[in-house]
Structures are given as C-alpha cells and as structure tokens.
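When you read off a place in the sequence shown, starting at 1, and then add 212, the result is the number in our numbering. All C-beta atoms, glycine included, are put in the ideal place defined by N, C-alpha and C. None of these values were measured; they are calculated from a predicted model. Below is one structure, written out as structure tokens; comments come after it.
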Amino acid sequence: MIVVPFKSGVGRRVFFFFQQHHPVTQVNFQSVQFKTAVYRPEDLPDDRFPQIAMAGRSNVGKSTLINRIVNRKGVARVSQTPGKTRAIQFYLVDDCFYLVDLPGYGYAKVSKTERESWGGLVRAYLEGDSPIELFMFLIDVRRDPTEEDLEMRDWLVARSQEWRIIATKTDKLSNNQRISRLSRLSKSLGVPKDHVIAFSSVDKRGTDEVRGAIARAVKESRVQAVSS
Numbered sequence: 213m214i215v216v217p218f219k220s221g222v223g224r225r226v227f228f229f230f231q232q233h234h235p236v237t238q239v240n241f242q243s244v245q246f247k248t249a250v251y252r253p254e255d256l257p258d259d260r261f262p263q264i265a266m267a268g269r270s271n272v273g274k275s276t277l278i279n280r281i282v283n284r285k286g287v288a289r290v291s292q293t294p295g296k297t298r299a300i301q302f303y304l305v306d307d308c309f310y311l312v313d314l315p316g317y318g319y320a321k322v323s324k325t326e327r328e329s330w331g332g333l334v335r336a337y338l339e340g341d342s343p344i345e346l347f348m349f350l351i352d353v354r355r356d357p358t359e360e361d362l363e364m365r366d367w368l369v370a371r372s373q374e375w376r377i378i379a380t381k382t383d384k385l386s387n388n389q390r391i392s393r394l395s396r397l398s399k400s401l402g403v404p405k406d407h408v409i410a411f412s413s414v415d416k417r418g419t420d421e422v423r424g425a426i427a428r429a430v431k432e433s434r435v436q437a438v439s440s
C-alpha cells in the first residue's frame, strides 16, 4: 500500500491510499529462477505474484513439464526416486508469476508420517490465500484416475478453481489410443474435452497449449489487479 499526503486548499492534509501491484509484464517464458522450497506453511511467499500450481501423482512428470514450459534443461530436477520431493517448489518466471510444484502423492513406499506431513503442507497452501490463478492437474494418460486424483478433482470443483488436466506421456500411445484415453479421462473426471491438454516432453505435444493457458491466466490476473 502506498500512502500519498496531499495538502488541501484549506490547509488540511488529506491522505490518498493506492494499492501497490506488481507491474504488468508480458509473459514470454524467457527467464526463470528457482525462488524457494517451502517446508512449512508459514514460509509460503507473500509477495502476491500470480501463481500457477501443478499437482499429480509421484512420477507423473511435473518436473519435466516445468522444464519444457520454460524451455530449459534441469531447472526442475527430475527425481529418480518417486515420492522424494517433500517441499513446495516455487519458480519465478519472467519476474511476474510463479510456477508452483506441489509434492507428488500416491507413492506407496512413503511412510504414513511423511504423507501426513506433506498433506498438511499442501492443504495449508491450497486452503490459504495464495493467489492461485490456474491449477494444472497432471495425470498419466495411460492410467485411470485414482481415489486421490478424484479427491483433488473434488477440491478443485468445490473451490471453483480454474484448472486444466494435463495428460502426460502421450507419446507412449498410438494416435487412436491417445484419442480414446483422452476421451475417457474427460468423462471420468467430468470435464469438457477442451479442458484436457495432451502433453509429451518427447515430441513437445501440448507445450504451446499449456503456455497459452498460463499466459491467459496471468494476463487476466494482472488486468484485474490494475483495475481493482
């Protein structure tokens, strides 16, 4: 908040209050930096940059998606051990929004204590006041949604959150198989087909669609901030 004093004609000082917002910046995915890894809810960023969150089962391809979005190798490390990531990772893109990588869920070898710890952190993030403008829900196109996937879907619907399904690893299927699986995902999760984006890091399928959805969400967020 910026406070500007102004001296009126009758000698009284009047204060005008202006809400401070980050400047509107074009989203072109030209710069990215790892900002922070959050292990505790109280350490979540409070700088109010728009956030694009992503979640999914362990080993679904979140790190690979991040690297493809920003066209960099190794920005987000692809873990060889599913369930290893215990923190919420924040990547600042174009100095105007965060890509937020939530810990993967559903890995059987993770202890109950660890699952509860991660679950508490993720719930605090999702149920707090973080400015999540778009939620990318990653699902392996070859797999049917699990109970945990459906719980995540229910949360997104209840929150009226803007979200898209990112169907990963589509290069592993034939064209007919891919079309069939995408239709099945759309029906099983109860979303329109145009809310399901087929993605592959191998043939770059879906990269432009994902970037477009992100850019629109960030732009809309910035327009609302400036006009508010």
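#1: Under 8 Å by Cβ, that's how I've got aspartate 383 and serine 412 pegged, so tell me the actual separation to the nearest angstrom.
#2: When burial is assigned at 16 or more other CB atoms within 10 Å of the CB, is phenylalanine 274 buried or exposed?
#3: Nearest to leucine 304 by CA position, among Lys416, Ser395, Ala249 and Val414, is which residue?
#4: Can you say whether arginine 269 is buried or exposed, counting buried as having 16 or more other CB atoms within 10 angstroms of its CB?
#5: Pull up the CB-CB distance for valine 430 and glutamate 345, whole angstroms please, since I reckon it's below 8 Å.
#6: Glycine 331: buried (16+ other C-beta within 10 angstroms of its C-beta) or exposed?
#7: Please classify glutamine 389: does DSSP put it in a helix, a strand, or coil?
#8: Taking 9 Å as the threshold (C-beta atoms), are proline 253 and leucine 333 in contact?
#9: Buried or exposed for glycine 286, please, with buried defined as at least 16 other CB atoms from any protein chain shown within 10 angstroms of its CB.
#10: Please specify which runs of the beta strand (DSSP E), each continuous and at least 3 residues long, are wholly inside the stretch 235-289, giving them in chain order.
#11: Using three-state DSSP, classify leucine 362 as helix, strand or coil.
#12: Please report the straight-line C-alpha distance between glutamate 432 and leucine 401, rounded to a whole angstrom.
#13: Give the straight-line distance between the Cα atoms of leucine 338 and isoleucine 278, rounded to the nearest whole angstrom.
#14: For a test of the three-state rule: what should DSSP assign to aspartate 306, helix, strand or coil?
#15: Use the C-beta contact count for alanine 211: other C-beta atoms within 10 angstroms, 16 or more gives buried, fewer gives exposed.
#16: Taking the straight line between their C-alpha atoms, what separation do you get for arginine 260 and valine 369?
#17: Quick check on the DSSP output: the beta strand (DSSP E) that includes arginine 376 runs from which residue to which?
#18: Please state whether DSSP places valine 353 in a helix, a strand or coil.
#19: On a Cα-Cα basis, can you pick out the residue from Val353, Gly418, Leu314 and His407 that is closest to asparagine 388?
Reading from the atomic positions:
#1: Numbered from 1 along the sequence shown, position 171 holds the residue referred to as residue 383. Numbered from 1 along the sequence shown, position 200 holds the residue referred to as residue 412. That belief holds up - the Cβ atoms of aspartate 383 and serine 412 are roughly 4 Å apart, short of 8 Å.
#2: Residue 274 sits at position 62 when you count from the first residue of the sequence shown. The amino acid at residue 274 is misidentified as phenylalanine; the sequence shows lysine. Buried: at least 16 other Cβ atoms inside 10 Å.
#3: Here residue 304 is taken as the residue at index 92 of the sequence shown, counted from 1. The candidate whose alpha carbon is nearest that of leucine 304 is Ala249.
#4: Here residue 269 corresponds to residue number 57 of the sequence shown, with the count starting at 1. Per the 10 Å Cβ criterion, buried.
#5: To locate residue 430, count along the sequence shown from 1; it is residue 218. To locate residue 345, count along the sequence shown from 1; it is residue 133. Cβ-Cβ separation between valine 430 and glutamate 345: approximately 6 Å, consistent with a contact (criterion under 8 Å).
#6: Numbered from its first residue, the sequence shown carries residue 331 at position 119. Glycine 331 comes out exposed.
#7: Residue numbering aside, residue 389 sits at position 177 when the sequence shown is read from its first letter. Here glutamine 389 sits in helix by DSSP.
#8: One-based indexing of the sequence shown puts residue 333 at position 121. One-based indexing of the sequence shown puts residue 253 at position 41. Contact: yes.
#9: The residue labelled residue 286 in the question sits at position 74 within the sequence shown. It is exposed - the Cβ of glycine 286 has fewer than 16 other Cβ atoms within 10 Å.
#10: 244-250 and 263-268
#11: Numbered from its first residue, the sequence shown carries residue 362 at position 150. Helix.
#12: Walking along the sequence shown from the start, residue 432 turns up at place 220. Walking along the sequence shown from the start, residue 401 turns up at place 189. Cα to Cα, glutamate 432 sits roughly 26 Å from leucine 401.
#13: Residue mapping note: residue 338 aligns to position 126 of the sequence shown, counting from 1. Residue mapping note: residue 278 aligns to position 66 of the sequence shown, counting from 1. Cα-Cα distance, rounded: 20 Å.
#14: For this step, residue 306 is matched to residue 94 along the sequence shown. Correct three-state label for aspartate 306: coil.
#15: Nothing in the structure corresponds to residue 211, since the chain is present only between 213 and 440.
#16: For this step, residue 260 is matched to residue 48 along the sequence shown. For this step, residue 369 is matched to residue 157 along the sequence shown. So the two alpha carbons sit approximately 23 Å from each other.
#17: Here residue 376 corresponds to residue number 164 of the sequence shown, with the count starting at 1. Run containing arginine 376: 375-380, per the beta strand (DSSP E) assignment.
#18: Indexing the sequence shown from 1 puts residue 353 at position 141. Coil at valine 353, not helix or strand.
#19: As a first step, residue 388 is located in the sequence shown; it is residue number 176 there, counting from the start. If we check each option's Cα against that of asparagine 388, Val353 comes out closest.
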